[in-house]
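Heads up, the thing below is written out as structure tokens.
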Ligand SMILES: NC(=O)c1ccc[n+]([C@@H]2O[C@H](COP(=O)([O-])OP(=O)(O)OC[C@H]3O[C@@H](n4cnc5c(N)ncnc54)[C@H](OP(=O)(O)O)[C@@H]3O)[C@@H](O)[C@H]2O)c1
């Protein structure tokens with residue numbers, strides 16, 4: 035926050051008013067590499083970011099570290115539980131490991147109806163499907179073809195719809211972007227961000243959300259038939275990177 039030559043009470047009031055005017059973002063898994071990189075970006079862009087964790091005390095300690103990187107930012111950070119991040123964010127990023135999805139979605143579902151939920155999750159285990167049961171998978175395959183595995187985004191939608199009867203406004207973004215690039219606030223972010231979602235209204239809102247923190251990025255919408263393939267490629271690249279193998283094959287174009 036900027037320093038001003040006014041009384042401490044007036045300063046406090048001003049900060050309260052500023053906080054009320056700020057746009058609010060929730061990050062479930064805000065203490066992780068991806069979540070904290072997003073928190074930095076959005077706080078720098080002037081948002082009040084609710085940095086969520088399974089342990090709110092950890093989140094509060096964690097944001098003290100992040101604050102030091104944000105001296106000139108107009109936004110701010112609040113460390114809180116994942117449930118509070120889902121409750122107070124106008125839009126919510128879901129930035130936890132795939133394996134933690136079911137338990138986390140069960141905790142936050144009541145805050146997700148009508149709210150844009152941005153899934154950045156890349157599955158990190160060999161899987162068919164973790165959130166869906168056999169009957170739901172069969173339904174999915176009747177629609178999309180035998181042997182097809184749903185993307186995480188589709189799983190989240192089907193799981194919440196089936197378990198809680200809500201139609202979550204889930205969209206996806208940034209799955210192909212490393213947290214290091216997101217956290218680098220000094221270099222202009224000129225990459226393409228792949229995005230997807232189930233309807234144009236949600237995608238419109240996602241575009242405007244991303245443009246605030248990544249103004250120079252190109253946003254490219256991916257058709258539904260490619261969603262799970264892209265997640266698979268992300269995971270493959272991550273797996274190979276951990277083993278020290280650098281994949282260059284995806285830098286080709288047909289132009
Ligand atoms: N790292 C990247 O470059 C990158 C890029 C694109 C997408 N992603 C995706 O973003 C998600 C997070 O990745 P990350 O690299 O940030 O992981 P991470 O550094 O391990 O952080 C994830 C955070 O999620 C929370 N968490 C851990 N296990 C959990 C569980 N079982 N249930 C609920 N919460 C749990 C932890 O926070 P608390 O302990 O505080 O709750 C942790 O700080 C993953 O799905 C990943 O595929 C990552």
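In my numbering, the protein residues as written are 35 to 289.
We put the beta carbon where it would ideally sit given N, CA and C, even for glycine.
Here the structure is a predicted model, which means the values were calculated and not measured.
The continuous stretches of alpha helix (DSSP H) do not include residue 87, which lies in the beta strand (DSSP E) extending over residues 82-87.
For ligand 1, a non-hydrogen atom lies closer than 7 Å to the CB of residue 209.
In this structure, residue 59 and residue 124 form a Cβ contact; the two beta carbons are roughly 7 Å apart against a cut-off of 8 Å. The three-state reading of DSSP puts residue 266 in helix, counting H, G and I together.
Contact between residue 111 and residue 85 holds: their C-beta atoms lie close to 6 Å from each other, under 8 Å. For residue 193, the number of other beta carbons within 10 angstroms of its own is at least 16, and it is reported as buried. Beyond the five residues adjoining it in sequence on each side, residue 138 comes within less than 7 Å, by CB distance, of 62, 116 and 130 in the same chain, given in chain order. Note on geometry: alpha-carbon atoms of residue 134 and residue 199 lie some 21 Å from one another. Between residue 255 and residue 156, the CB-CB gap reaches or exceeds 8 Å.
Taking the Cα positions, residue 258 is about 12 Å away from residue 182. If you check the CB distance, residue 250 and residue 223 come in under 8 Å.
The Cβ neighbour count for residue 99, taken over all protein chains shown within 10 Å, is under 16; the residue is labelled exposed. With distances taken between CA atoms, residue 82 lies nearest to 56 out of 221, 56, 45 and 169. With fewer than 16 other CB atoms across the displayed protein chains lying within 10 angstroms of its CB, residue 44 is exposed. Cβ atoms of residue 119 and residue 64 come within 8 Å of each other, at about 6 Å. Non-local beta-carbon contacts of residue 239 in its own chain, meaning distances under 6 Å to residues more than five positions away in sequence, involve 150 in chain order. Residue 127 carries a strand assignment under DSSP once its states are collapsed to helix, strand and coil. Counted as a single uninterrupted DSSP element, the stretch harbouring residue 215 is not any beta strand (DSSP E) but the alpha helix (DSSP H) occupying residues 213-217. Going by beta carbons, residue 71 and residue 271 fall outside the 8 Å limit.
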